[in-house]
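Report on the structure given below.
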Amino acid sequence: MQYKLVWVEENVNYFDLEPSLLNYGPHAEMRFGYGVQNAAISGKDFAATFYLSEDDIERNKEKGYLFFMKKSNCDLLLKAIGAHRQDLEKACKKLLKLDLSKLTPAEFFDVYVGTASRLKPLFTAYSMTQPDRTVYIEEKLEEYLEDQPIASIPQAIQVLSTPLHTFSTSKKVAHIFKTFAESIKAEDAKIDMTIMDKSIYTIKDVSQDKKNTLMKTLNVPPYIEHMSYILSTFAEERLKMRFSWMLAIYFNELFLIELKRRYGILKSDLRMYDLSEFDDIIAKGILVPEDVLKERKKGFLKVLKDGHIKTFSGAAAVEYVKHHLETKVRKTSLLHGRSASPGFVQGTAIVFSYKHTEEHAAKIQDMKGGEVIVSEMTRPNLIVACRKASAIVTDEGGALCHAAIISREFNIPCIVGTESATKMIKDGDTLEVNADEGIVRIIA
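The opening position of the sequence shown corresponds to residue 94 in my numbering, with each subsequent residue numbered one higher.
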């Protein structure tokens, strides 16, 4: 079975790995009618890499298209997103009112489950908006536009994808939009308990005049109008979901801080607990032996196959990733992706990998302006960097991703879904980014 790397994310503890597979698989199947069947997620050094089988990717393309092209399904997903965000916010507010040090193990466990149980369905809803679910919509839209009297297909897609709103993050809570490596990873990290009383972003309306004019000029059929609605609406919803779960994950650190106080265990060790083990230490105070954790420092892996999850630890995890998940990438100076925001620039590459988020702050500080950001996918911590950049190139993503949204807002070229930009490009390379054609050249 062949796999492809789908995303890389920081701040993924080992006890988060199994829920991630369940959210993308059985939970999505039960809630929305389809989910992945064969996937894997590998954890190491505070980061995770998520893989899907090529069969699942193709299946998601077809199933995703059928799902989103039904207005009732879009309404169902939107309703679920709104409800889950609201429930999660209530759970976080409840958590912040408690003194965890005064709770019995049973009470402590109930509070933990109450928060986690509201985070998981939001991740399930988020999984439904991943790029592999909407790529056929983008392709069908491109096919339609090829036969229309327009100057630029990427420009037309950008107009048709115009969001209803833009989001500006608040400087008062800037620490929330740092990498988790900066904000919570340290053993002595402090949690800001006042954040829920503040607005973390402001919303501004975006003019829909260009979109409405283009649709009227082209006299678009109803199915194209619906595609425009999908791209505009769910790009915004993905961003709102991310803001919600960023806060929840930030506050979830309170559980690790309290466990460290109770049992004298480093947070870095607690992050290597498996799901059932994390439940056991919260509810019963049962610790995982040090030799087990030492082996897990090499790596930890969960594989979902036909509804069943198998666990690999230490050297076994490393070997499985090497032989079954990682693919050798042929060195090339020419990369292809999807245009998320049109334009053409030349610039110097600056690579932001979410496997090494501890480097981000210094790199952002050192940016002179005009660099081309290269990343697996941009996250909110890179907004400041994106303001300085001349273009964005990513391994992952589609029309609904963060890089697509932010590049359109800042009016800079963006190419997403190259799959291997972070492997092929290094800091200081001179790049030619042709986002009208979806091509990146390494020219020096």
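The C-beta atom is built at its ideal place from N, Cα and C for all residues, glycine as well.
Keep in mind the model is a prediction, meaning the values are calculated, not measured.
Going along the chain, which unbroken runs of the beta strand (DSSP E) with 3 or more residues stay wholly within the stretch 299-366?
none
Over what stretch of residues does the beta strand (DSSP E) that includes residue 534 continue unbroken?
532-535
Could you check if residue 368 is buried or exposed, using at least 16 other CB atoms within 10 Å of its CB as the buried criterion?
buried
Mapping the DSSP letters down to three states, classify residue 120 as helix, strand or coil.
helix
Along the beta strand (DSSP E) that carries residue 152, what are the first and last residues, could you check?
Element bounds for residue 152: not the beta strand (DSSP E) but the alpha helix (DSSP H), 147-161.
Helix, strand or coil: how does DSSP classify residue 97 here?
strand
Would you call the CB atoms of residue 409 and residue 522 closer than 7 angstroms?
no
Own chain partners of residue 212 with C-beta closer than 7 angstroms, once the 5 adjacent residues on each side are dropped
181, 338, 341
Restricting to Cα atoms, I'd like to know which of 248, 468, 391 is closest to residue 107.
391
So what's residue 207 in DSSP terms, helix, strand or just coil?
helix
For residue 269 and residue 241, I'd like the C-alpha separation in whole angstroms.
44 angstroms
With burial defined as no fewer than 16 other Cβ atoms inside 10 Å of the residue's Cβ, what is the status of residue 362: buried or exposed?
buried
Starting from residue 427, follow the beta strand (DSSP E) in both directions and report where the run begins and ends.
427-429
Beta-carbon separation of residue 552 and residue 297 under 7 angstroms?
Coverage of the chain is limited to positions 94 through 537, which leaves residue 552 absent and any answer about it impossible.
Leaving out five residues on either side along the sequence, give the residues of the same chain with a beta carbon under 6 angstroms from the beta carbon of residue 214.
177
Give me whichever residues DSSP pairs with residue 524 in a beta bridge.
440, 535
Backbone secondary structure at residue 445 - three-state DSSP:
strand
Decide if residue 223 is buried, meaning its Cβ has at least 16 other Cβ atoms within 10 Å, or exposed.
buried
Taking the beta strand (DSSP E) that residue 131 belongs to, which residues open and close that run?
131-137
Nearest-angstrom beta carbon gap, residue 163 and residue 229 [assumed within contact, 8 angstroms]
Rounded, the Cβ-Cβ distance is 14 angstroms, inconsistent with contact.
Between the Cα of residue 247 and the Cα atoms of 506, 419, 510, 535, which residue gives the shortest distance?
506
Using C-beta distances below 6 angstroms, list every residue in its chain close to residue 202, excluding the 5 sequence neighbours before and after it, in chain order.
375, 376
Rounded separation between residue 245 and residue 529 - CA only
8 angstroms
Between the beta-carbon of residue 260 and the beta-carbon of residue 219, is there less than 7 angstroms?
no
What is the DSSP secondary structure of residue 486, counted as helix, strand or coil?
strand
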